[in-house]
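Colleague: Residue numbers (the numbering used here): 30 to 162.
Backbone N, C-alpha and C fix where the C-beta goes; we use that ideal spot for every residue, glycine too.
Given the structure is predicted, the values throughout are model-derived calculations rather than measurements.
Have a look at this one.
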């Protein structure tokens, strides 16, 4: 009974993985060999899975539609949305966001919506890709 999983473990050691080692786009420079192998076609990258309908990914912000009502800042449980009074617009810190989409539901003019983007890893939490203005 204790050793019942050993044959399965040995079998798995010789199978190819079903997932990518890391999204090559976001791979750190320390794995340069991996990225070069992908570019040369030596390693096949599996495409990301399709996201289901209603998926709550990275928030998209339409500045032109925004009226500066601040409802999104009031409903955000993680305090990821900052109001910029001089511009009467908002700034969203994706690294703080819990992707609950309460801001999307609260926005009266549909200036916010959820995207299907989920591969957001980076080494800099204040990169331009992770701050939405």
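At 3 residues or longer, and completely inside the stretch 99-133: list those beta strand (DSSP E) runs for me, N to C.
Modeller: 110-113 and 118-122
Colleague: Going along the chain, which residues of its own chain have a beta-carbon closer than 8 Å to the beta-carbon of residue 89, five neighbours each way excluded?
Modeller: Residue numbering aside, residue 89 sits at position 60 when the chain shown is read from its first letter. Once the five neighbours on either side are set aside, the close Cβ partners of residue 89 are 141, 142, 143, 144 and 161.
Colleague: Answer yes or no: do residue 95 and residue 109 have a C-beta to C-beta separation smaller than 9 Å?
Modeller: If you number the chain shown from 1, residue 95 lands on position 66. If you number the chain shown from 1, residue 109 lands on position 80. No, these two residues do not count as a Cβ contact at 9 Å.
Colleague: What are the boundary residues of the beta strand (DSSP E) that residue 88 is part of?
Modeller: Here residue 88 corresponds to residue number 59 of the chain shown, with the count starting at 1. 88-90 is the span of the beta strand (DSSP E), which, as asked, contains residue 88.
Colleague: Pick from 130, 97 and 80: whose alpha carbon is nearest that of residue 120?
Modeller: Residue 120 sits at position 91 when you count from the first residue of the chain shown. Among 130, 97 and 80, the Cα nearest to that of residue 120 belongs to 97.
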